[in-house]
Structure formats: C-alpha cells, structure tokens
Amino acid sequence: MDRLFNLDAQLLADAALLMIAMLVMFTFLSYLLFNPARDMLKKRQEKIKNDIDSAQADRQQAKQLKEDYEARIKSIEKEADEILSRARQTALENAEDIKAQAGEEAARIIARAQAQIELDKKKAADDMKKEMISIASLMAGKVVSASIDTTVQDSLVEETLKEIGDDTWQS
Numbered sequence: 042m043d044r045l046f047n048l049d050a051q052l053l054a055d056a057a058l059l060m061i062a063m064l065v066m067f068t069f070l071s072y073l074l075f076n077p078a079r080d081m082l083k084k085r086q087e088k089i090k091n092d093i094d095s096a097q098a099d100r101q102q103a104k105q106l107k108e109d110y111e112a113r114i115k116s117i118e119k120e121a122d123e124i125l126s127r128a129r130q131t132a133l134e135n136a137e138d139i140k141a142q143a144g145e146e147a148a149r150i151i152a153r154a155q156a157q158i159e160l161d162k163k164k165a166a167d168d169m170k171k172e173m174i175s176i177a178s179l180m181a182g183k184v185v186s187a188s189i190d191t192t193v194q195d196s197l198v199e200e201t202l203k204e205i206g207d208d209t210w211q212s
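Quick note: to get our numbering, add 41 to the position in the sequence shown (first position is 1).
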C-alpha cells in the first residue's frame, strides 16, 4: 500500500455505513432531543405572546380607568365648587341677618336710652319744681315777715339765690 488514502470497496462500505448510522442517530436524537426543545420554545413563544396580549389588555384597561378617574375628579371638583358657592351664599345671607338683628338691637337700645332720658328729664323737672316751690315758700315767708318795700324784696331774692347757689340753676 503505497498510498495514504486507498479507495477500495471496504472503505466505501464503511463510509456508507457510517453515514447511515449518523443519519439514524441524528434522526433518533432529533426525535428525542430537538422536538422537546422545539416544543419548549414554542410554548415559551406562546407564553410571551399571551403576556404581551395581556399587557396590552391591562394597558387598555388602565387607560380606561384613568379616564374614569379623571372624569370623577372633574365632577368632584365641580361639586366642590357648587358646595363652596352655596356656603358663600349662606354665609352672606347669615351676615345680612346678623346685621339686621344688630340694627334692630341698636334701635331698641336707642329707644330705651331715649325713654330713660325722658324719664330723667321729667324727674329733673319735678325736682326743679319742688326746689322752686320751696324757694317760693321761703321767699314768701321772708316777705310776709318783713312786709317791706321792693328794694328790700329784691335784696331778699338776691340773698335767697345766694343761699341756694348758682349750681342749682345751671344744671
């Protein structure tokens, strides 16, 4: 054998047998190993697709919820504004009522004060009348006892006025 690589029938038969064995082994291993790997990849692919679809559905639902909440917030803000405006209106009405009551109370107080002033005036007038009567009776007593002329009478009036004092006539 002079050659390194002899192509004879035995070598060709061994090569063909080796090829058939490799083909059978590849087919057998493909069936045992590659099909489960393909199934696992297919299931994983389906799971990822389902997750993506679920995420899109959740995103759509979240968007809808967000719109609902925004609408609720707007209606709540509108309701709060209405409540505040009603409260302001009520406060203004209450303020007007309080002002009216205060005015009525002030009018009653003024009326009572004026009535009290009138009573005090009448009392002062009565006191003055009593004082004048006592002065007149005192003067009459002095005039009768003295039975004197007009100059003496004027001097008696002056003397009586000095006894009573200027403060009585000025108040």
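The beta carbon of each residue, even a glycine, is placed where N, CA and C say it ideally should be. Since this is a predicted model, take the numbers as computed values, not measurements.
Determine whether the beta carbon atoms of residue i and residue j lie at a separation below 8 Å.
i, j, result
"T201", "I176", "yes"
"V198", "M180", "yes"
Return helix, strand or coil for residue i, following the three-state DSSP convention.
i, result
"L74", "helix"
"L48", "coil"
To the nearest angstrom, how far is it from the Cα of residue i to the Cα of residue j?
i, j, result
"A165", "N135", "44 Å"
"K107", "E123", "24 Å"
"K140", "S116", "36 Å"
"D167", "D138", "43 Å"
"M60", "A78", "25 Å"
"Y110", "K84", "38 Å"
"I158", "V193", "41 Å"
"A147", "K163", "24 Å"
"A62", "A50", "18 Å"
"D99", "I89", "15 Å"
"F75", "L64", "15 Å"
"D92", "M66", "38 Å"
"R113", "E87", "38 Å"
"D80", "K119", "58 Å"
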